[in-house]
Structure formats: C-alpha cells, structure tokens
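Undergrad: Same order as they appear, the protein sequences are chains A and B.
In terms of my numbering, the first sequence is residues 1 to 384.
In terms of my numbering, the second sequence is residues 1 to 384.
Each residue gets a CB set at the ideal place from its N, CA and C atoms; glycine is no exception.
2 protein chains.
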Amino acid sequence: MSAGKRTGPTDAERLARATVSLVAEPGDLRCLGLTQELGGVAFLRALQEHPDLAGALAAAAARLVEVDPERELDHAARVGVRFVIPGDDEWPDQLGDLAHAGALNERGGVPVGLWAKGPLRLDQLDGSVAVVGARASTTYGDQVAGDVAAVVGASGRPVVSGAAFGIDYAAHRGALSADAPTVAVLACGPDRVYPAAHREMLRHLAQHHVVVSESPPGASPFRIRFLARNRVIAALSRGTVVVEAAARSGALNTANWAERLHRVLMGTPGPLTSIASQGVHQMLRSGAGTLVTSGEDVLELLGTAGEHLATEKRGPERERDRLTAGARQVLDAVPVARPAPTESIAVVAGLSVQQVDQALRELSIEGYVERLPVGWRLAERAHA
Amino acid sequence: MSAGKRTGPTDAERLARATVSLVAEPGDLRCLGLTQELGGVAFLRALQEHPDLAGALAAAAARLVEVDPERELDHAARVGVRFVIPGDDEWPDQLGDLAHAGALNERGGVPVGLWAKGPLRLDQLDGSVAVVGARASTTYGDQVAGDVAAVVGASGRPVVSGAAFGIDYAAHRGALSADAPTVAVLACGPDRVYPAAHREMLRHLAQHHVVVSESPPGASPFRIRFLARNRVIAALSRGTVVVEAAARSGALNTANWAERLHRVLMGTPGPLTSIASQGVHQMLRSGAGTLVTSGEDVLELLGTAGEHLATEKRGPERERDRLTAGARQVLDAVPVARPAPTESIAVVAGLSVQQVDQALRELSIEGYVERLPVGWRLAERAHA
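#1: Between S220 (chain B) and chain A, is any beta-carbon pair separated by less than 8 Å?
#2: Any Cβ of chain A within less than 8 Å of the Cβ of R17 (chain B)?
#3: How should P373 (chain A) be labelled, buried or exposed, when 16 other C-beta atoms within 10 angstroms of its C-beta is the threshold for buried?
#4: For the segment 289–301 of chain A, which residues have a CB atom closer than 8 Å to at least one CB atom of chain B, in sequence order?
#5: Between the beta-carbon of A116 (chain B) and the beta-carbon of L125 (chain B), is there less than 8 Å?
#6: Within 10 angstroms of its Cβ, does Q207 (chain B) collect 16 or more other Cβ (buried), or is it exposed?
#7: Can you tell me whether DSSP reads R377 (chain A) as helix, strand or coil?
#8: Report the rounded CA-to-CA distance for G295 (chain A) versus V243 (chain A), giving the unit in angstroms.
#9: Can you tell which of A:R30, A:Y194, A:S274 has its C-alpha closest to the C-alpha of V336 (chain B)?
#10: Find out if the Cβ-Cβ distance for the pair V211 (chain B), T182 (chain B) is shorter than 8 Å.
#11: Between H281 (chain A) and chain B, is there a C-beta pair that is closer than 8 Å?
#12: Is S286 (chain B) buried or exposed, if buried means 16 or more other CB atoms sit within 10 Å of its CB?
#13: Rank B:R231, B:L299, B:W376, B:G367 by C-alpha distance to the C-alpha of G127 (chain B) and give the top, closest one.
#14: Considering only C-alpha positions, which residue in the set B:L351, B:H204, B:V369, B:E259 is nearest to L331 (chain B)?
#15: Taking the C-alpha atoms as reference points, what is the distance between L351 (chain A) and H262 (chain B)?
#16: Are there 16 or more other CB atoms within 10 angstroms of the CB of H100 (chain A), so buried, or fewer, so exposed?
#17: To the nearest angstrom, how far is the alpha carbon of P26 (chain B) from that of V280 (chain B)?
#18: List, in chain order, every chain D residue whose beta-carbon is nearer than 9 Å to that of A340 (chain A).
#19: Which residue marks the beginning of the alpha helix (DSSP H) containing S344 (chain A), and which one marks its end?
#20: DSSP three-state label for L264 (chain B), please.
#21: Who are the near neighbours of N105 (chain A) in its chain, counting only those whose CB is closer than 6 Å to its CB and skipping five residues on each side?
#22: At what residues does the beta strand (DSSP E) containing T240 (chain A) begin and finish?
#23: Run through DSSP, which three-state label would A3 (chain B) get?
#24: For E25 (chain A), go through chain B and note every residue whose CB falls closer than 9 Å to its CB, in chain order.
#25: Using a threshold of 8 Å, state whether the C-beta atoms of A385 (chain B) and L47 (chain B) are closer than that.
#26: Compute every distance between the C-beta of T138 (chain B) and the non-hydrogen atoms of the ligand PLP, then say whether any falls below 7 Å.
#27: Three or more beta-carbon pairs under 8 Å between the segment 79–90 of chain B and the segment 7–17 of chain B, yes or no?
#28: Which two residues bound the contiguous alpha helix (DSSP H) that contains E300 (chain A)?
#29: Just the C-alpha distance for A42 (chain A) and E214 (chain A), rounded to the nearest angstrom, thanks.
#30: Hey, how far is the Cα of R107 (chain A) from the Cα of G250 (chain A)?
#31: Could you spell out where the alpha helix (DSSP H) holding T35 (chain B) opens and where it closes?
#32: Is P195 (chain A) helix, strand or coil when you go by DSSP?
#33: Using a Cβ-Cβ cut-off of 7 Å (strictly less than) and excluding sequence neighbours within five positions of S274 (chain A), which residues of its own chain qualify?
#34: Using a C-beta to C-beta distance shorter than 8 Å, which residues of chain A count as neighbours of L22 (chain B)?
#35: Thinking A235 (chain A) and D97 (chain A) are a contact (beta carbons under 8 Å), I'd like their distance in whole angstroms, please.
#36: Going by DSSP, name the residue or residues bridged to G108 (chain A).
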C-alpha cells in the first residue's frame, strides 16, 4: 500500500489470495504470515514448488489441486459475496495490527482477505464498537447489550458482533432498533446460517448491513474458526465491550485480543450473584478493562476528548444546593430528630446566635426547618 | 508519643480534651488542629485567655462556662462509656493520618478523643475493614454486604460501619453471623440510639463489641456530625468497601476520605439497572476504587502478598482439558453441526489424514465425536 493514490491489487493477487483462503485455515499463522510477507502470488508459488513442506503448509499445498478459486469467486459473486483484500479501497486497514499481535490458541495473523455480503463497506468500520458476551446470557445482560449497542449505533459508530444466541443477538437487535449499522462476523462462510435460528437476522444484516467472514462461502463453523473469528471482531473495532461472560467464556478470548491489539477494552458489571457476570467482573478486577455503565460511557472512552461526554449520573439536584452557604451551614447544624434550641444550633454551626436566629426564620418560611416548643429540627423538605 | 514505653497522658490532659470534646464540634478543623498541636491543656488555656477569638473558636470559648467535664466523665463512666485519647494504650494510632488529610465539607482533623462503649479495644482495629453503603439498600445489596462482612470478620479482621438502616445494618449482621468483632461509629453520643429501630443491635454491640463516637454521651445526631463521623470510619479501617450507594450518597463521602487517607478503597458492582449501585459504578469507573466481588477479594487486596489469595472463580474444568494436545487439535477441527469427512478435518487441523483418523476413533470411543454416513461431527459431550 502506497501513501498516495492506491493502484489496487492485481487480479492475479486477488485470485492467489482467494486460493490461499480456500486451502488455509483462518488464523493459520504460517500461511497468513507468509502471504502477508511475500504476497499471495509468491506464497502460492512457494506452496506449489516446495517439495518438502510440513504441517499446515503441507496440508494447504495438498489441497491446491482440489480447489478452483476462479469458480469460487464466480460463485461468491453470484450469491452476493465479494472478496475484499489488502490494497482494496474497501479493505479495513486496522486489521494490519494483527501482524504484530502474535497468536492466541495458535490463531493469529492478518486475514488474507475477507468475504463480505451486504452493502456496508468494510472501510467504514474504523470507529466501530464490538459488543460481545455470553451465549447463555440473562434477560438483564440482553437488555444492557441492546441499550449499549443502540446508543453506540445512534452516535454513528457501527456495532460489530458475532451471530450467536444471547449477547451477540441482543447487540444486533439494539443497533437495529436505533437504525444503526451493524456487522456480524461469522466463523463459517458468510452465506451460511449458523445458528439456524438466526436465519432471519442474518438475512436482514446481509441485505441492509454486512455479514463478514475470513472463511469462504460454504465453509462450516468449526470450533477453531470461532477462536480465529474472535480476533477479527476485536481487530475490526476501536473498542470491545464485554457485557456478560462466565469465567472462561469465549467472549474473554475476544477481550484478550482487544487488549493485545491495544483496543479499548470495556465491561459492564452485573449482580455478583449472577454467574453470567463473573467473567466480566474478573476481567475488570484484573485491571484488563474499564467498567462502563452505558453506551454514553463507551462513547466517552472512545471519543476524542470532549466529543462525547457521558452525562454524569447524579442524584436529583437537591433543593438545599440552592441555599446560600450561610443558610446551608445553619441547616447542617439543625438536628434531624430531637429539637435543639437556637443557642446550641449556633454552637454547632460556629455562627453567632443572631445570625442563626435570622437564618432559622428564613429556613422555616421555606419549609426546611420546623419550630417545636423545645427548639428547632429539620422539616420534611430538608430530608429530601 | 515516644517510641519507647508510653507514659500515658496526664489526668489534666484527659480532662482538657474532654472539655474540648464538649465545647467543639466533631471535625472542627481549627479546634482539633490546635489541640493536636498544643495539647489539650494549652489549647484550653488559649481559649480561656484570648480575648479576640472568632468563629468556631469563639463559640467553643463561649461554651466553656456551660460545661462540667469532670461531671461528664463521671457520668460517662457510670453508663459504661470510656474516653480514649491519644497517648492511651488503647488509642488507635491510625487516626493520626487525619492530621495531614485536610478537610471535606469543612470537617477534618484528628479527633481530640473517642468516646467508646463496649469491651472491644480500639487499638485492635488496625486491620479492620469498613463496610458502608446506602440506607436505601436493596435486598441484593444487603446480601452482598452481609456476605462480605462475614468473610472479612471470619478472617479475624473487625468490621467497621455506621448504625444506619440498609448496608450498615447488613454489615453488622453479617459480622455477627460469623461471630466476628464489629464496630459501630456513631454521629451521636455512644449512649444514644439512632435510628431508634436499631436499639437492640446497638445494645448488643455495646455489650459484646464496641460502639464509638467522637461526640460525648448525650450528643444528638446532627447532619454535619455524620459527615465528620464518616472520616473516622475511613481512618479507623485499613480499607473501605462501598456496597451500594446512589449518586451523591453519604457513603461516597466515606469513600473520599478513604482515598484521601490512602486506605484501600473498594466497591462491589451491581445491576446497571439499580439506582442503588450507580454511585459505586461511578466510583469504580473513575478509578477511585477497585472492584471486588467477595470478602475473599477484599482480604486479598488488604492482606500481605499470598496471605489471603482469593480463589479464582473459574468455570468447571472442561472435560476436554484432560485430552492430549493432539486430540484437542483434532476435536477443534470437527464441525459442530454439518458433518465433515476425515480429509477436510485433517486440513483444518493441519495434521495428516492418518493422525486424524486415529484421533477421531479414540475421540469417538470417549463420546466426543460421532460418525454419520457423510462424516464426523461433535457429539453431545463435546458441547459441554
């Protein structure tokens, strides 16, 4: 990629990377690393020409004869799926951070390309926010995820998540409720439906937003592909919010990636009695992420200073805040229960009896204090 | 105080400090500061001899003629209340930190003495933990406060709190349930009962533990005395846990004192939907305190390294953790839904077909995978 106008990748490079995508696993560090270093064309030539490959490289080389990348690209285009690669205008450059982020669960590296279905362009996801969490979420967690996603989305930042039950689903629903862009990153091909119950949602996202995968059309949702997928969610987004996650949840894998990639990692707390929140609490306690209480908090943490200031949650303005400092000083010295004479209130307030007498009369007119036979005490209003 | 054996304060000093306690307000920075600097005897002489005092000093001087400290000390002794002052063996030296902690709400300084009722000695509170929070607590908050206090108390650390409804009450109840020492610090005299509903609890604490106040017997619970009292709670304890606190709650005043005194400040999260937790979340979000999820977490933060290690909450050990790395690698490559042939699983796993075939047979015997006519997929057990 040059700093000036991009010339864009060649057709040969696109075909080569499609080939690599068909023969190598998502997040395979060796195949991805070599493709990034040499380019797809040269890596492919190396695969074809080296007689003594081992491990993942050997497996990829062995698959070369089985795949027909031109036919796959044609087929993808027919089902509305495009293959976006580094150098394309649409390529999300932030994924480049994966080149130096190492591996987790033996997955890592910059994807050789992304298969995308839907009108939302991937280069629009620079400021996006990932909202992830437990599949076995609670009603509370779903509500929090939906609220956070709606506020984040309404601000113009796209929401990114998976397509699983629970928090993923609630996050998309929240973004959609705010008419906001939302992105599903899948562990299977972008044309596949997993879980089947989310067919309608995935159809909607592919039609109006975008569904993305590192795996080509038709690929199945293997367990290891979920781990590879999590790094793409974390890398695409500016920040990741974990809403609910039991200890050792997959969402914490995404959180690890976000931290490793120096993205903003956030978590929403929940009841200590809820197992679904334990992983988030553990994460927050370890200092790995920042506690957020709302979408506004998320925007404040992500935004440039002063751009999105979360409205400080505060109690209703107390009426007494509107009193003068002197009147408050007297009010603070008036007993809450057993009445006290003016003199003892003056001692407590550290003011003269005359000053206090005057202030008590005024406070009494405004309903803050009441006079009883034996002295003064706070009236109902002052308790507010 | 000398570094060697204490000689203890003189009777004259004790009488002088009792006098100051009777004429000055708790937390009055000028009276307390001068008493600490000059000693009670010299401060009293200054009060009596200076003709041109102003503000709180003038008010205190004016009250001198009204009080009879000898009679008050006698009366206190008769109702089982002792007056503990700096230099006494029982004096909690950690309160000295208040000398350099400034003021909040115009309250601050080292108390001239503490009025105490009950057998628990105040010099035993060095490692204590304050558990404070909202009066308008929720059932959830009460449960958390009780659990935290019980665990902290069972470890031998005394619990410190106020005597208010809600979290204070739940904290004492939790400590008592663990047969642990617990301390109520009051804003009124230690012989007074406020709120009246807690008569039984206060009686029990004064009989078996200790009830403490900066105010002498008979003193009323003025609003400003609660603010002064909060600094004593924070200063007595090694750490303060805020369990529930609405925005602008009084518990956050105690939290501010704990932070200012370089004590360990902690907070327990709750549902974002609960107003009672908003103040705690705000505190944690600002980085002022550390999130804790249990009494064990509190002990870990307070204890010397390795002394109290909170048991890491983790999911149940997954069965698959017991598999060999090779078997897990194959298992990770088996599809969750649509079956795949051995060859494609081998590609995903990056292993030879022979290796994978062998592993699949073993995994199948153990019930992790199942063979269908078209290939292999995960069995029920592997989803766990």
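TA: Taking the coordinates as given:
#1: For S220 (chain B), the nearest CB of chain A lies under 8 Å from its own CB, placing it at the interface with that chain.
#2: No, its Cβ sits nowhere closer than 8 Å to a Cβ of chain A.
#3: Classification of P373 (chain A): exposed, given that the 10 Å Cβ count is below 16.
#4: T290, L291, V292, T293, S294, D297
#5: no
#6: exposed
#7: Here R377 (chain A) sits in strand by DSSP.
#8: 11 Å
#9: A:Y194
#10: no
#11: yes
#12: S286 (chain B) comes out exposed.
#13: B:L299
#14: B:V369
#15: L351 (chain A) and H262 (chain B) have their C-alpha atoms spaced approximately 33 Å apart.
#16: exposed
#17: 27 Å
#18: Absent from the structure: chain D. Protein chains present are A and B.
#19: 342–349
#20: In the sequence as presented, Leu is not what sits at residue 264 (chain B); that position holds Val. DSSP places V264 (chain B) in strand when its eight states are reduced to three.
#21: Cβ-Cβ distances below 6 Å link N105 (chain A) to L227 in the same chain, with the five nearest sequence neighbours on each side left out; the list follows chain order.
#22: Note, T240 (chain A): beta strand (DSSP E), 239–242.
#23: With a pLDDT of 47 at A3 (chain B), under the threshold of 50, the modelled position of this residue cannot be trusted, and the question is left open.
#24: A333, V347, V348, A349, G350
#25: Past the edges of chain B, shown from 1 to 384, lies residue 385 (chain B), and the structure says nothing about it.
#26: Ligands are entirely absent from the displayed structure, and the ligand PLP is therefore not among its contents.
#27: yes
#28: 295–302
#29: 20 Å
#30: Cα-Cα distance, rounded: 14 Å.
#31: It spans 29–38 - the alpha helix (DSSP H) in which T35 (chain B) sits, taken as one unbroken run.
#32: The three-state reading of DSSP puts P195 (chain A) in coil, since its state is none of H, G, I, E or B.
#33: T138
#34: Result: empty, since nearest Cβ-Cβ is about 10 Å, beyond 8 Å.
#35: 6 Å
#36: A:A103
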